[in-house]
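Just so you know, the sequence shown maps onto residues 1 to 722 in the UniProt record's numbering.
Single-structure report; data block below.
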Amino acid sequence: MSDITDYLIGLNKLGIRHEVLEHPELKEATDVQAYFGDDLSGSCPTLIMKAGDKFIALVKRGDVRLDSAKLKKVLGATSLRMANAEEFEGSTGVPVGAARVYNPGLLTLLDKSVFEREFLNGGSGSFTVTVKYKTEDLKKIPGVIEVDATERENMKIFIAKQVKKKFLDLDVVILVVNNIRVNKDEVLTNERTAPLVAKMGNDTFFENPVFKAFNRFCESLSSRNKKDFPSVENLYRRFEKRGKFPRVNNIVDIVNLVALESFIPLGVFDLDQIKGDMMMRYSKPGEEFRSLGGDIEYLPAGLLVISDEEKILNLFPFQDSIYPNITKRTKNIVILGDVVEGIDIEDTKKAVTKAGNLVMELAGGKKGNLETSEVREDDLKVQMITKVKQGEKKRIFAGMRPTGRLHLGNYLGSAKGMLELQNNPDYETTYMVVDLHGITTPYDRSTYQQSIREVLLDYLAIGLDPDKSVLTVQSLVPEHIELAYLLSTVTTIAKMSHLPTYKEKVKQFPEHNTVALLNYPILMAADILIYKAELVPVGVDQEPHLEVAREIARRMNADYGTDFPEPQRFATKGEYVPSLLGEGKMSKSVEGSYISLTDDLQMIMGKLAKAPTDAGGPGEVPKTGPVANLFKFVELFVPNRLEYYAGMYGRGKLRYVEMKEELARAIYEEIKPIQEKRNEIERRDREENYVIRVIEEGAKRARAVAAETVAEVKKKMGLLIS
């Protein structure tokens, strides 16, 4: 037992959190997991291997399969094999089958599958003791390397008992296919779809019993679950209306093709974006659902969802979240087929199998075993999603450049998202006017302070509340600059100089190609990481800078053992607000393209009146250009009228005067309360220096957090701290 004690002391010294689990002598991982009521997906075996002339330790999750070719490529090795018994014991000092996760002297590789679980059971060097490891802490093993060296052959999907109790016939059939290729190859060709179209000639086509069964099921759900689901019937109805089936990419189109042929509702997820197994259950109050468009919605209790152990993947039936979306980077997929009352499970199995076979035929890959849903309690693994949100507030940071008064694009693009986060009790929000960023390009010193004040007044007017959020000015928190310097030590000049935004700014201001401009993304990373912010409400154009922040966080965590989160973008519904001129987005730098938050009704009507249009149809509403932009405004401000105006356009009877007048009134009603509140805040500022008091108090609160982070980082980096 002394060897085990020494091993546990070593884990403690490294800061690897763990729990010791004792059991009878068990030599097989399956037996150990069964003893604790779990399966191999809850384990992390250590494989001792010989790569070339060196021995390595690979830690993976127990339910995934090693891909030797991938591992050889990662290691740059010409040969790779498992260590024999003598080599195993010689390199680890423990019996075969009892390998520890931490093996001093051996290069340790952590497969990505390990991090899909918060805790995993692994070896201790003994057949009577198992160690439950905090997986994130395994990154603290000296010299450890994170790799992608496995593939998942199978996974499970569970249905919560309370869901199954209500829907006795509800089941889901799933099939994993690994190593596929995503591309734009034509799948829904005329040859393949002609038989489908021919079926529609039958007068009773839409009376199909499978359609009816699925519709009956959907009618029994919450109204939120029924909204805009892409059922097979809807795919046919879209063809009936538009004369073509929707096309996405080869994988999604293959699954849709089989669904159209079989009438069975099918879906497909990116397997690598799913943490652990899946569960169909009811939503918890306040859970996040992030749609394909990036919008975040806080769900009420009782909606039917499919989740993994960390997030909601799907608002059932098949309103997918952004997480499991099939993209060009997808390598492994899971196909899902529904079974409800009136749909035979064998028919669904055949459809899912056919889809898997067709994926392999047209996109390569290797499939696993067909799996059918199992019933399970909605247990702690899933409930932790809500538990974490209720018990630990996530930090949010957003910076606003002091470029003067806000316009409608700023309001919808970021400000509404900031309000949404501020008013959610699960979040702790810090908002700053980032004046240091503003001086990286030419600016007017004589008006800069006034510009800062104007931005603060506008944000206070739209509803930012100093009692709910930290609201201040960046230069009042000097720790941002100090952390930016520390972060620059792990960031290369090459990385910064290749960013598209840097190149654009240099092209725009060739005489101002300064170090400050080059380091702009590092300061932005410091702004976010100094508060350990997890969400940042910015537009999609800032995604490259956010990726820099994530890369810096990963490098600092790996090199110095810091605990920076990797910040994600929080997208709002109207994040892209088009220009009134018909091209690009609303921008203060393009005269006539924007509506100011100070504009009255007549000014808004005048600006919309100048917005370019066409003859008003007939035909399908354009997807791009001036008319598409106007319809985007309809979607944002009078969404209940979108179908009406699209119908009028389709018949060639759209009156743009009517549309623009209704839009102007709706926009004015949205910004009128902001104008009234700003007048009130300006009066208060004149009487009591309100804005100065807000930012000074905000700076004190911000510095308390920022100073703590900087001290922590300096200590981790081996620097002296006062």
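Think of the CB as a built atom: it goes at the ideal place given N, C-alpha and C, for glycine as much as any other residue.
Predicted model only: the values in this text are computed from it and were never measured.
To the nearest angstrom, how far is it from the Cα of LYS672 to the Cα of GLY302? Going by C-alpha positions, LYS672 is about 36 angstroms away from GLY302.
When you compare only the Cα positions, how much space is there between ALA351 and LEU336? Between the C-alpha atoms of ALA351 and LEU336 there is a straight-line separation of about 10 angstroms.
Under 9 angstroms between C-beta atoms of GLY52 and ALA34: It is not a contact, given that the beta carbons lie outside the stated cut-off.
The segment 268-275 in contact with the segment 316-326 per 3-pair CB rule at 8 angstroms: Counting Cβ pairs under 8 angstroms, three or more are found: they touch.
Using 8 angstroms as the Cβ pair cut-off and three pairs as the minimum, do the segment 359-366 and the segment 395-405 touch? Segment contact: the segment 359-366 against the segment 395-405, fewer than three CB-CB distances shorter than 8 angstroms; contact not assigned.
6 angstroms Cβ shell around ARG376 - same chain, five flanking residues per side excluded: Non-local beta-carbon contacts of ARG376 in its own chain, meaning distances under 6 angstroms to residues more than five positions away in sequence, involve PHE158 in chain order.
Does the Cβ of ASP277 have 16 or more other Cβ atoms within 10 Å, making it buried, or fewer, making it exposed? With 16 or more other CB atoms across the displayed protein chains lying within 10 angstroms of its CB, ASP277 is buried.
Hey, is the segment 600-614 in contact with the segment 553-565, meaning 3+ C-beta pairs nearer than 8 angstroms? In short, these stretches do not touch, since the Cβ pair count stays below three.
Whole runs of the beta strand (DSSP E) within the segment 93-178, excluding any shorter than 3 residues: Qualifying beta strand (DSSP E) stretches, in chain order: 107-111, 119-122, 129-134, 145-147, 157-160 and 171-178.
Report the residue ranges of all alpha helix (DSSP H) runs contained in full by the segment 614-694; include only those spanning at least 4 residues, in chain order. Runs of the alpha helix (DSSP H) inside the segment 614-694: 626-637, 642-650 and 656-688.
So, using beta-carbon positions, are THR150 and ASP67 closer together than 9 angstroms? Yes, these two residues count as a Cβ contact at 9 angstroms.
Measure the Cβ-Cβ separation of GLU25 and THR130 and say whether it is below 9 angstroms. No, the pair does not count as a contact, with Cβ atoms beyond the cut-off.
Taking all protein chains shown into account, decide if HIS498 is buried (16 or more other Cβ within 10 angstroms of its Cβ) or exposed. Result: exposed.
Distance CB(ASP39)-CB(THR46) smaller than 9 angstroms: No.
Assign ARG655 to one of two classes, buried (16 or more other C-beta atoms within 10 Å of its C-beta) or exposed (fewer than that). With fewer than 16 Cβ atoms within 10 Å of its Cβ, ARG655 is classed as exposed.
In whole angstroms, what is the alpha-carbon distance linking ALA85 and ILE333? Taking the straight line from one Cα to the other gives about 36 angstroms.
Please list, in chain order, all residues of the same chain as HIS480 whose beta carbon is under 8 angstroms from its beta carbon, the five residues on each side excluded. So the list reads LEU436, GLN474, LEU523, ALA526, ASP527, ILE530 and ALA706, once near-sequence residues are dropped.
From this set, LYS72, SER113, LYS73 and LEU138, which residue's C-alpha is nearest ARG100's C-alpha? With distances taken between Cα atoms, ARG100 lies closest to LEU138.
According to DSSP, is TYR427 part of a helix, a strand, or is it coil? DSSP places TYR427 in strand when its eight states are reduced to three.
Skipping 5 residues on each side, what residues in its chain have a beta carbon closer than 8 angstroms to that of ASN154? Cβ neighbours of ASN154 beyond the five flanking positions: ASP63, VAL176, GLY368, ASN369 and GLU371.
Kindly indicate which three-state DSSP category ASN225 falls into: helix, strand or coil? With a pLDDT of 44 at ASN225, under the threshold of 50, the modelled position of that residue is not reliable, and the figure given next carries that caveat. If DSSP states are grouped into helix, strand and coil, ASN225 belongs with the helices.
Quick check on the DSSP output: what are the complete beta strand (DSSP E) runs of length 3 or more inside the segment 503-572, in order along the chain? Contiguous beta strand (DSSP E) elements confined to the segment 503-572 do not occur, taking only those with 3 or more residues.
Between which two residues does the beta strand (DSSP E) containing THR46 stretch? Residue range 46-51 is occupied by the beta strand (DSSP E) that includes THR46.
Please determine, among GLU116, GLU219, PHE633 and ASN121, the residue with the shortest C-alpha to C-alpha distance to TYR102. The candidate whose alpha carbon is nearest that of TYR102 is ASN121.
Enclosing beta strand (DSSP E) for ILE312 [first to last residue]: Counting along the chain, the beta strand (DSSP E) containing ILE312 begins and ends at 312-315.
Where does HIS437 sit, in a helix, a strand or coil, going by DSSP? In the structure shown, HIS437 sits in a helix (DSSP, three-state: H, G or I).
Assuming VAL305 and SER283 are in contact, meaning their beta carbons sit under 8 angstroms apart, how far apart are those beta carbons, in whole angstroms? Beta-carbon to beta-carbon, VAL305 and SER283 are separated by about 5 angstroms, close enough to satisfy the 8 angstroms threshold.
DSSP three-state call for ALA57: helix, strand or coil? Note: ALA57 maps to strand in three-state DSSP.
Spell out the partners DSSP gives PHE289 in its beta bridges. The partner list for PHE289 (beta bridge, DSSP) reads GLU297.
Close Cβ partners of PHE119 (< 7 angstroms) along its chain, the five nearest in sequence each way excluded: LYS132, TYR133, LYS134 and THR135.
Please name the residue or residues paired with GLU374 in a DSSP beta bridge. According to DSSP, GLU374 bridges with PHE158.
CB-CB under 6 angstroms to MET1, same chain, minus the five flanking residues each way: which ones, in chain order? Only weak support exists for where MET1 lies, its pLDDT of 45 falling under 50; the coordinates are left without a value.
Could you give the residue range of the beta strand (DSSP E) that holds VAL305? Going by DSSP, VAL305 is part of the beta strand (DSSP E) stretching over 304-307.
Around the Cβ of ASN190, are there at least 16 other Cβ atoms within 10 angstroms (buried) or fewer (exposed)? Classification for ASN190: exposed.
Using only the alpha-carbon positions, how far apart do ASN423 and VAL197 sit? If you take the alpha carbons of ASN423 and VAL197, they lie about 50 angstroms apart.
For ASP270, write down the residues that DSSP places opposite it in a beta bridge. ASP270 pairs with ILE333.
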